[in-house]
Structure formats: structure tokens, C-alpha cells
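> Numbering (our numbering), first residue to last: 184 to 311.
Backbone N, C-alpha and C define an ideal beta-carbon position, used for all residues, glycine too.
Remember, predicted model here, so these are calculated numbers, not experimental data.
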Amino acid sequence: MSSSEVLARFRSEVSAAVTRSRRASGEIGERNAKLRERTRELAARAREGRSGTGAAATPADVREAATGFRADRGLAVERVPEAAEPVVAGPVETEPATLGSSAVAGPSGQLPRASDDDEDFSQSRILY
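1. From E231 to R223, what distance separates their C-alpha atoms?
2. What residue does the alpha helix (DSSP H) around S185 start on, and which one ends it?
3. DSSP three-state call for G257: helix, strand or coil?
4. Rounded to the nearest angstrom, what separates R192 and S208 at their Cα positions?
5. Since I believe V260 is in contact with A254 (beta carbons under 8 Å), could you give me their beta-carbon distance rounded to a whole number of angstroms?
6. For A248, name the three-state secondary structure that DSSP assigns.
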């Protein structure tokens, strides 16, 4: 393979990578724009005192703690009206959340032992 062929192949691969990254960036931008718009709509509903989502209102002590946290750090604290009546929501079924990555077999080929003890899991990937 000549050097000009190698250079042409390299340029082609770089061009394809740039195209993929631009496409991914555009898709993420669209998704973020939709999320920002939805957030604006929900904030406007909260300001008007209607949530419309069926979600329960945040308890007063949690709102006070959040307001204090933001005020202590010099962040903007927007005052929203109190919820007129708490909405009692039924049980919500969700899939269990998986935090972090899944366990992988270590050098010995063994997976970490499964345990309900969650006190120290930081070394499990190293030890097994």
C-alpha cells in the first residue's frame, strides 16, 4: 500500500468519524431542546399552582431544606405557590435501578459474591 493510499484511507476514516460525531451531537441537541421545553412547561404549571402531572407535592420540610441549601450557596431561589391540596398517588411500578456497571469476572474467573451487604462495594471489581 502506497503512502498516498494510506493517507486517503486515513482522511476517509477521519471524515466518517467527524460525520458520526456531528450526527450524534445534533441528536443530543434535539433531545436536550425537548427536555428544556418540557421543563419550562412544568415550571410554568408550578408557578400557576397546577401540576397536572398527578405527582405528589414535595413535603414542606424538603422544600425548606432545598431553599436553604440554594440560598446558602448564593443560588437563585424561585418562590412558587404552595400546592393547594396534596395529590395522593397510587403505587408506581418501576424497574429496579442498576447503579454503576455490572459485575465482571476477575482474574480468577469468579464473579463477586452476591450479598445484601452494601457497606463496602468499592473494591469488588479489584478483588474478584
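So, from the listed chains and residues:
1. Here residue 231 refers to the residue found at position 48 when the sequence shown is read from its first residue. Here residue 223 refers to the residue found at position 40 when the sequence shown is read from its first residue. In a straight line, the C-alpha of E231 is about 12 Å away from that of R223.
2. By one-based count along the sequence shown, residue 185 stands at place 2. Neither: S185 is in no alpha helix (DSSP H) and is coded neither H nor E.
3. To locate residue 257, count along the sequence shown from 1; it is residue 74. In the structure shown, G257 sits in coil (DSSP, three-state: anything other than H, G, I, E or B).
4. Stepping through the sequence shown from its first residue, residue 192 is reached at position 9. Stepping through the sequence shown from its first residue, residue 208 is reached at position 25. Using only the alpha carbons, I get a separation of about 24 Å.
5. Indexing the sequence shown from 1 puts residue 254 at position 71. Indexing the sequence shown from 1 puts residue 260 at position 77. Beta-carbon to beta-carbon, A254 and V260 are separated by about 5 Å, close enough to satisfy the 8 Å threshold.
6. Within the sequence shown, the letter at position 65 stands for residue 248. Looking at A248 - three-state DSSP - the assignment turns out to be helix.
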